[in-house]
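Okay, so the sequence shown: first residue is 2 according to the numbering used here, each after it adds one.
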Amino acid sequence: MYRRSSRLVISSASGLSGSSSLKIRELGITRYEDTLRLMREFTDARDSETPDEFWLLQHEKVFTQGQAGKDKHVLDPGDIPIVRSDRGGQVTYHGPGQLICYLLLDIKRKQLGIRSLVSGIEQSVIRLLASYEVKASTKEGAPGVYVGGAKVAALGLRVRRARSYHGLSLNVAMDLEPFKRINPCGYEGLAVTDLTSLGVDEDISAVSTGLVEQLADYFGYDSITRHGD
2 MYRRSSRLVI SSASGLSGSS SLKIRELGIT RYEDTLRLMR EFTDARDSET PDEFWLLQHE
62 KVFTQGQAGK DKHVLDPGDI PIVRSDRGGQ VTYHGPGQLI CYLLLDIKRK QLGIRSLVSG
122 IEQSVIRLLA SYEVKASTKE GAPGVYVGGA KVAALGLRVR RARSYHGLSL NVAMDLEPFK
182 RINPCGYEGL AVTDLTSLGV DEDISAVSTG LVEQLADYFG YDSITRHGD
């Protein structure tokens, strides 16, 4: 079993230009619909001075269909609800043991395009997994992070008025069976894994801390505060 070998020190000198303050909110286990509503409300209400936020949470069991989602990729949902979402992408599954990080960013202020935002999220996850001695990679045309062909992290974003919401799901220690009820991200037979299956012995709280460090370092935040729900 691997644990992280070191912690990064967050510095305003690293990452991309446009450093600003960042708020971290830890929301526990939430209903997807409730969190979606709150993300939309936050995005609509924010102005040019509003700090960016990362929302860290887990969701109750749910399948979500992105804007490109097709019903044919939902094979046998059983008792798990299906919710339509305004994020990009196809169908995916969320449930306990999966770390969600929603990135509510002013991408104009951070001087980010959509492609660079996606790449930054992916590279942050790859760096996090490298700290556990897990070699991960991306796939051309299929956003997310993969280990040996199996998907361990999925991405889905929406941008309105140059402000992003939605974000990243990272499988930590979860029941992977529901992924068999769908074609994950629209890919028939796509293998899905989690950190536990990859030999990583770390609880979701510690993984969350490491993920925030990597993301904040990559995107160059110089002031970070944490807020409870």
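Positions of the beta carbon are idealized from the N, C-alpha and C atoms, including for glycine.
Span of the alpha helix (DSSP H) around residue i
i: Glu34; result: Tyr33 to Ala46
i: Thr210; result: Ile205 to Phe220
Backbone CA spacing between residue i and residue j [nearest angstrom]
i: Gly70; j: Ala137; result: 26 Å
i: Gly90; j: Gly145; result: 11 Å
i: Phe43; j: Phe64; result: 23 Å
i: Leu76; j: Tyr94; result: 12 Å
Residues that DSSP places opposite residue i in a beta bridge
i: Ser170; result: Ile101 and Ala155
i: Asp107; result: Arg164
i: His95; result: Val63
Residues near residue i in its chain [Cβ-Cβ closer than 6 Å; skip 5 each side]
i: Ser22; result: Pro52 and Ser224
Residue i, DSSP secondary structure in three states
i: Ser165; result: strand
i: Gly145; result: strand
i: Glu189; result: coil
i: Lys140; result: strand
i: Arg178; result: The question names Arg, yet the displayed sequence has Glu at residue 178. Here Glu178 sits in helix by DSSP.
i: Lys73; result: helix
First through last residue of the beta strand (DSSP E) which encompasses residue i
i: Ile83; result: Ile83 to Arg85
i: Ser132; result: Element bounds for Ser132: not the beta strand (DSSP E) but the alpha helix (DSSP H), Ile115 to Ser132.
i: Glu54; result: Asp53 to His60
i: Phe64; result: Val63 to Gln66
8 Å CB neighbourhood of residue i in its chain, flanking five on each side removed
i: Ile127; result: Ala137, Ser138, Thr139 and Val146
i: Thr31; result: Leu58, Gln59, His60 and Glu61
Cutoff 7 Å; reference residue i; Cβ partners in own chain excluding five residues on either side
i: Leu129; result: Gly211, Leu212 and Gln215
i: Leu177; result: Val193 and Asp195
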